[in-house]
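Below is one structure; the comments refer to it alone.
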Amino acid sequence: MAKNELGEITSRSGQLNVWMAPTIINQTPSLSLSRYDPLALYCQTTGNPKPLVVWFLNGEPVDGRSVQATPLATGSLYLHPPLPPGDTIATCEASNHLGVVRSTTVITAS
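For the sequence shown, full-length UniProt numbering assigns the number 1 to the initial residue and increments by one for each residue that follows.
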């Protein structure tokens, strides 16, 4: 409490919640590897509320039923070998009510 000749005031504490649009802060760079190598792609995000991470392979969404890839609870994506030969485009999409951000990794398998 503060008091002077003009009056008195009581302090109160509170919580400030700052909303932030999603940002991808770390991601797997494009790479080349053997078709038979296992691979986990990462997509580290920040934002408030916590962004929802969705993966796409060659433009198609990846869900838990995919035989080619498994999204992990960490936001990473595990690709099951063997990978298709040539280039695969993996896109990480992070979203919350403030926006959407995407990042693409090119995987070249031989």
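Beta carbons: idealized from backbone N, C-alpha and C, even for Gly.
- Once you ignore the five residues that flank Gln44 on each side, which residues in its own chain have a CB closer than 6 Å to its CB? Ile25, Asn26
- Message: Quick check on DSSP: helix, strand or coil for Asn26?
- Response: strand
- Message: Tell me whether the region 3-17 and the region 87-99 touch, counting them as touching only if at least three CB pairs, one residue from each stretch, are closer than 8 Å.
- Response: The region 3-17 is not in contact with the region 87-99.
- What first and last residue would you give for the beta strand (DSSP E) that runs through Ala109? Segment 99-109, the beta strand (DSSP E) holding Ala109.
- Task: Taking His80 and Val67 to be in contact with their CB atoms under 8 Å, please state how far apart those CB atoms are, rounded to whole angstroms.
- Result: For a cut-off of 8 Å, the C-beta gap from His80 to Val67 is around 7 Å, short enough to register as a contact.
- Message: The beta strand (DSSP E) that contains Asn4, what's its start and end?
- Response: 2-4
- Message: I'd like to confirm the pairing. Which residues does DSSP put opposite Val53 in its beta bridges?
- Response: Ala94
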